[in-house]
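The next block holds one structure in the form of C-alpha cells; read it before the comments.
In our numbering, the protein residues as written are 16 to 623.
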C-alpha cells in the first residue's frame with residue numbers, strides 16, 4: 016500500500032537529459048490506483064475523506080500508491096520553482112502571416128482576418144466537405160442576401176434548445192439561456208442588417224459561453240448550485256465584451272463539470288451533457304456544453320476555458336476544433352479564477368476558419384497590469400496558401416504517441432502519413448521525458464490553485480449544496496502540501512526547458528488528442544456524479560503541456576473509432592506560434608474535409 020514509502024525520484028538536471036529517440040529515458044505508463052466511484056459508494060467515500068483523521072490516512076495512502084510521494088513529495092531536483100509559464104516576447108519568423116496593427120478594434124481585427132480566409136460559395140474555404148456545420152461566413156452571407164434574418168435564426172435556435180431538452184434526448188447543453196434577451200439581440204442585429212450596416216461578419220451569429228465566464232444577464236455558476244450566490248456577475252468578461260462589440264448573438268451559458276473538477280461532463284445539478292454523436296456517451300469536460308452545442312449545430316463557435324485540456328478534450332470527443340492559445344495571449348478578466356497559472360480562455364468551433372475569426376475578435380486590447388509576459392504583436396495566417404505548412408518539422412515521441420487505444424493509434428497514424436505525403440512535413444523522433452510525472456505535477460498545481468481560489472466561498476457554503484463528486488475532489492485538492500506544490504513548480508521549470516530545447520530543432524510537437532474516445536454514461540452516475548480517474552488520466556494524457564507549460568495547442572478531428580465516435584489529432588506549438596499552428600490545423604482539416612460525419616443529434620439553423 017505504500018503507507019510509509021518515503022524515497023523520492025532524483026531528477027536529472029536539464030543539461031544531462033538526452034532527448035534523442037534512443038535515449039533510454041524511462042516512460043512511466045499511467046497506473047491510476049483509484050476505484051471508479053458513483054452511486055451510494057461515492058457518498059460513503061466523501062464522508063470518509065471529510066473525516067479529519069481517517070480521511071488524512073486514506074489520502075496519504077492514495078498519494079503514495081499513485082506515485083505522488085515518489086515523483087513529487089520526496090523528489091530531488093536542481094531547478095528552482097517556476098510559478099507560471101514565462102517566455103520572452105520574441106517575434107520569431109513565421110511565413111504567410113498577416114501582421115495586425117495594435118490598437119485596432121475587435122471589428123477591425125475580424126475584418127482583417129476575414130480577408131485572409133479563402134472564400135467559396137459554400138463559405139467553407141477551399142475544401143469540399145461531405146458534411147459540414149454552418150460557419151460564421153455562412154451566417155453572414157445568408158444575412159447579407161436576406162434569405163434569413165438573425166431573428167429567424169434565434170427562433171430556430173430556441174426551438175432546437177427546447178427540443179434537445181425533451182426526455183428522449185435530454186442533452187443538457189445549457190445551464191441558462193434567456194429567451195427575451197436572445198430575441199432582443201437578434202432583433203437589433205436584424206435591424207442593422209436591414210440597414211446594410213452589420214458591425215462585422217459576427218453580427219447575428221450565435222455564440223455560446225461556458226458558465227465559467229461572465230456574460231450578462233446570466234449568473235456565473237461554474238456548474239455549481241451555489242457559487243453564483245457568493246460571487247456576483249456584474250459585467251461581461253473581456254472576451255465576451257469583444258464578441259458583443261462585433262454584434263455576436265450571445266445565446267446563453269453552457270453546461271460544465273462542476274467547478275471544472277472533472278473530465279466527463281457529468282453534472283448532477285444540471286444534467287449530463289451528452290455527446291451528439293451518441294447520446295449514451297460522455298461529451299468530455301469540463302467545457303462539455305460548449306463542445307456539444309458546436310457539434311450539434313446550435314452554434315458555429317463557443318467559448319470555453321482550458322485548465323487541463325478542458326477545451327481540447329471535449330472538442331476531440333465531440334468531433335470539433337478545440338484551440339487554446341499561449342498562456343496570457345488572451346485576457347482572463349471576468350473568468351472565475353479557478354486556476355491562475357494553467358487556465359486559459361479557449362475556442363471550440365466547427366472549422367479552423369471560425370476559430371480564427373473568433374480568436375481575432377477576442378485577442379488584443381489586453382488589460383494593463385494583468386500580464387506577466389507581454390505578448391508579441393498579433394499575427395494571423397494567410398489561409399489562401401499552404402506553403403508555410405510545407406516541410407514543417409513535427410516532433411513525435413513514440414512511446415507517448417502510442418499510449419492510446421488501437422482505434423486512435425490507427426487513425427492518427429494514417430493522418431500523420433497523409434500530412435507527410437501531401438505537405439512534405441517531416442517527423443522527428445524525440446524523447447519527451449517524465450510525461451506522467453508532469454501530469455501529476457499539473458494535478459498538484461491545478462488542485463492547489465483551485466482550492467486556494469474557492470476556499471473563501473467554501474467557508475460560507477452549506478456543504479450539502481455541492482455535488483458528491485465535487486466534495487471528494489475538494490478533499491483531494493486541499494490535501495497537497497506547500498512542499499508538493501513547490502516541487503511541482505520546480506518540475507515545471509525543468510519541463511519548460513525540455514520543450515524549449517526540443518523546439519530548437521522542430522516546429523511543432525505532434526500527439527493524439529486523447530487516449531480513449533467517448534465512453535458510456537452509466538446510470539449510477541446521474542444522481543450523485545462520478546469519479547473515474549482511470550478514464551480521466553487517459554483523456555488528459557496529451558493535454559498537459561498546453562496548460563502546465565502554457566503552450567498553444569489545437570485539436571483537429573481526423574476520423575472515428577469502430578463505434579463512430581470522433582478522434583482528434585493535436586498539434587502543440589512553441590510560445591506565440593498561433594498563426595502557423597492555425598495554418599497547420601487548417602491544412603490537416605482540408606485532408607479530412609470529405610470524411611466528416613453528421614452527428615446523430617444535429618440542428619440545421621440556416622435551412623429548413
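Beta carbons: idealized from backbone N, C-alpha and C, even for Gly.
Note that this is a predicted model, so its numbers are computed, not measured.
Point to revise | Any non-hydrogen atom of the ligand MN within 7 Å of residue 379 CB | key: Among the ligands in the structure shown, none appear at all, so the ligand MN cannot be discussed.
**Study point:** Proximity of residue 216 and residue 120 at Cβ, strictly below 8 Å
**Key:** Here residue 216 is taken as the residue at index 201 of the chain shown, counted from 1. Here residue 120 is taken as the residue at index 105 of the chain shown, counted from 1. Between residue 216 and residue 120, the gap from beta carbon to beta carbon reaches 8 Å or more.
**Study point:** Same chain, Cβ closer than 8 Å to residue 33, five either side skipped, listed in chain order
**Key:** Your numbering for residue 33 matches position 18 in the chain shown. Cβ neighbours of residue 33 beyond the five flanking positions: 39, 40, 446.
Exercise for review: Identify, in the order they occur along the chain, each residue of the same chain with its Cβ nearer than 7 Å to the Cβ of residue 397, setting aside the five sequence neighbours on each side.
Suggested key: Start at 1 with the first residue of the chain shown, and residue 397 comes out as number 382. Around residue 397, the same chain offers 111, 112, 113, 131 as residues with beta carbons nearer than 7 Å, after the five sequence neighbours per side are excluded.
Check your understanding: Do you know how far the Cα of residue 486 is from the Cα of residue 136?
Key -> Numbered from its first residue, the chain shown carries residue 136 at position 121. Numbered from its first residue, the chain shown carries residue 486 at position 471. Any reading at residue 136 must be qualified, since the residue scores a pLDDT of 49, below 50, and its modelled position is unreliable; the value itself is stated next. Our two residues, residue 136 and residue 486, have alpha carbons roughly 52 Å apart in a direct line.
Exercise for review: Identify every residue that forms a DSSP beta bridge with residue 570.
Suggested key: Taking the chain shown and counting its residues from 1, the one referred to as residue 570 is at position 555. In the DSSP assignment, residue 570 is bridged to 337, 585.
Point to revise | Whole runs of the alpha helix (DSSP H) within the segment 502-570, excluding any shorter than 4 residues | key: Secondary structure within the segment 502-570: the alpha helix (DSSP H) runs of 4 or more consecutive residues, fully enclosed, are 548-555, 559-563 (chain order).
Point to revise | Distance between beta carbons of residue 104 and residue 481, contact taken as under 8 Å | key: Reading the chain shown from its first residue, position 466 is the one you call residue 481. Reading the chain shown from its first residue, position 89 is the one you call residue 104. Contact doesn't hold; Cβ gap of about 41 Å is too wide.
Point to revise | Residue of 343, 291, 616 minimising C-alpha distance to residue 358 | key: As a position in the chain shown, residue 358 is number 343, starting the count at 1. Of the listed residues, the one whose Cα sits closest to residue 358 is 343.
**Study point:** In DSSP terms, what residue 267 is bridged to
**Key:** The residue given as residue 267 occupies position 252 in the chain shown. In the DSSP output, where bridge partners are listed per residue, residue 267 has none listed.
Check your understanding: Looking only at its own chain, which residues have a Cβ that is under 8 Å from the Cβ of residue 74, when we skip the five neighbours before and after it?
Key -> Residue mapping note: residue 74 aligns to position 59 of the chain shown, counting from 1. The beta carbon of residue 74 sits closer than 8 Å to the beta carbons of 64, 490, 491, 494 from its chain, once the five residues preceding and following it are set aside; these are given in chain order.
Review point. For residue 287, which three-state DSSP category applies?
Key: Within the chain shown, numbered from 1, the residue matching residue 287 stands at position 272. In this structure, residue 287 counts as coil in the three-state DSSP scheme.
Review point. Closest to residue 101 by CA distance: which of 390, 58, 303, 218 is it?
Key: For the purposes of this step, residue 101 is identified with residue 86 of the chain shown, where counting begins at 1. Checked all of 390, 58, 303, 218; the closest Cα to residue 101 is 390.
Exercise for review: Leaving out five residues on either side along the sequence, give the residues of the same chain with a beta carbon under 6 Å from the beta carbon of residue 356.
Suggested key: Numbered from 1 along the chain shown, position 341 holds the residue referred to as residue 356. Excluding residues within five positions, the ones whose Cβ falls inside 6 Å are 99.
Review point. Buried or exposed: where does residue 108 fall if 16 or more other Cβ atoms within 10 Å of its Cβ makes it buried?
Key: Numbered from 1 along the chain shown, position 93 holds the residue referred to as residue 108. Residue 108 comes out exposed.
Review point. Any idea what DSSP makes of residue 210, helix, strand or coil?
Key: Position 195 of the chain shown, counting from 1, holds the residue named residue 210. Annotated three-state conformation of residue 210 is coil, per DSSP.
Practice item. Using DSSP bridges, identify the partner residues of residue 293. Key: As a working note, residue 293 is residue 278 in the chain shown. According to DSSP, which records beta bridges pairwise, residue 293 is partnered with 290.
Check your understanding: Which same chain residues, not among the five before or five after residue 230, have their C-beta less than 7 Å away from its C-beta?
Key -> Here residue 230 refers to the residue found at position 215 when the chain shown is read from its first residue. So the qualifying residues of the chain are 224, 251, 252, 255, 265, 268.
Review point. If we call anything under 8 Å between Cβ atoms a contact, is residue 532 one with residue 576?
Key: Your numbering for residue 532 matches position 517 in the chain shown. Your numbering for residue 576 matches position 561 in the chain shown. It is a contact, given that the beta carbons lie within the stated cut-off.
Check your understanding: Which class does residue 380 belong to by DSSP, given the choice of helix, strand or coil?
Key -> Residue numbering aside, residue 380 sits at position 365 when the chain shown is read from its first letter. Coil at residue 380, not helix or strand.
Check your understanding: When the Cβ atoms of the segment 332-351 are set against those of the segment 360-367, are three or more pairs found closer than 8 Å?
Key -> As far as the Cβ criterion goes, the segment 332-351 touches the segment 360-367, which means the pair count is three or higher.
Exercise for review: Note down the Cα distance separating residue 316 from residue 169, rounded to an integer number of angstroms.
Suggested key: Within the chain shown, the letter at position 301 stands for residue 316. Within the chain shown, the letter at position 154 stands for residue 169. Linking residue 316 to residue 169 through their CA atoms gives a straight-line distance of about 15 Å.
**Study point:** Paired residues, beta bridge with residue 392 - DSSP
**Key:** One-based indexing of the chain shown puts residue 392 at position 377. BP columns for residue 392 are empty, so no partner.
Practice item. Could you give the DSSP three-state label for residue 488: helix, strand or coil? Key: Locating residue 488 in the chain shown gives position 473, counting from the first residue. Helix.
Review point. Can you name, in chain order, every residue of its own chain whose Cβ lies under 6 Å from the Cβ of residue 221, other than the five neighbours on each side?
Key: Taking the chain shown and counting its residues from 1, the one referred to as residue 221 is at position 206. Closer than 6 Å at Cβ, skipping near neighbours: 172, 264, 266, 314.
Point to revise | Residue closest to residue 335, alpha-carbon to alpha-carbon, out of 618, 499, 395, 570 | key: Position 320 of the chain shown, counting from 1, holds the residue named residue 335. With distances taken between CA atoms, residue 335 lies nearest to 570 out of 618, 499, 395, 570.
Exercise for review: Would you mind stating whether residue 439 and residue 462 have Cβ atoms separated by less than 8 Å?
Suggested key: Here residue 439 corresponds to residue number 424 of the chain shown, with the count starting at 1. Here residue 462 corresponds to residue number 447 of the chain shown, with the count starting at 1. With contacts defined by Cβ atoms closer than 8 Å, residue 439 and residue 462 do not form a contacting pair.
Check your understanding: What are the uninterrupted segments assigned as alpha helix (DSSP H) that are 4 or more residues long and contained completely in the segment 414-496, given in chain order?
Key -> With a minimum length of 4 residues, the continuous alpha helix (DSSP H) runs that stay inside the segment 414-496 are 421-438, 450-473, 483-492.
Check your understanding: Anyone know if the C-beta pair for residue 523 and residue 605 falls short of 8 Å?
Key -> In the chain shown, residue 523 corresponds to position 508, counting from 1. In the chain shown, residue 605 corresponds to position 590, counting from 1. For residue 523 and residue 605, no; Cβs fall outside 8 Å.
Point to revise | Residue closest to residue 274, alpha-carbon to alpha-carbon, out of 290, 300, 122 | key: On the chain shown, residue 274 is found 259 positions in, with the first residue counted as 1. It is 300.
Check your understanding: What's the C-alpha gap between residue 210 and residue 123?
Key -> For the purposes of this step, residue 210 is identified with residue 195 of the chain shown, where counting begins at 1. For the purposes of this step, residue 123 is identified with residue 108 of the chain shown, where counting begins at 1. Near 20 Å, if we compare the C-alpha coordinates of residue 123 and residue 210.
**Study point:** Coarse secondary structure for residue 682, derived from DSSP in three states
**Key:** Any answer about residue 682 is impossible in this case: the structure gives the chain only from 16 up to 623.
Review point. Under the rule that 16 or more other beta-carbon atoms within 10 Å means buried, what is residue 283, buried or exposed?
Key: For the purposes of this step, residue 283 is taken as the residue at position 268 of the chain shown. So residue 283 counts as buried.
Point to revise | Counted within 10 angstroms of its Cβ, other Cβ atoms place residue 138 as buried (16 or more) or exposed | key: Walking along the chain shown from the start, residue 138 turns up at place 123. Legend: pLDDT at residue 138 = 44, less than 50; position of this residue unreliable, value from coordinates given subsequently. Residue 138 comes out buried.
Check your understanding: Can you tell me whether DSSP reads residue 191 as helix, strand or coil?
Key -> The residue given as residue 191 occupies position 176 in the chain shown. Reduced to three states, the DSSP call for residue 191 is strand.
**Study point:** Span separating the alpha-carbon of residue 37 from that of residue 547
**Key:** By one-based count along the chain shown, residue 37 stands at place 22. By one-based count along the chain shown, residue 547 stands at place 532. Rounded to whole angstroms, the separation of the alpha carbons of residue 547 and residue 37 is 34 Å.
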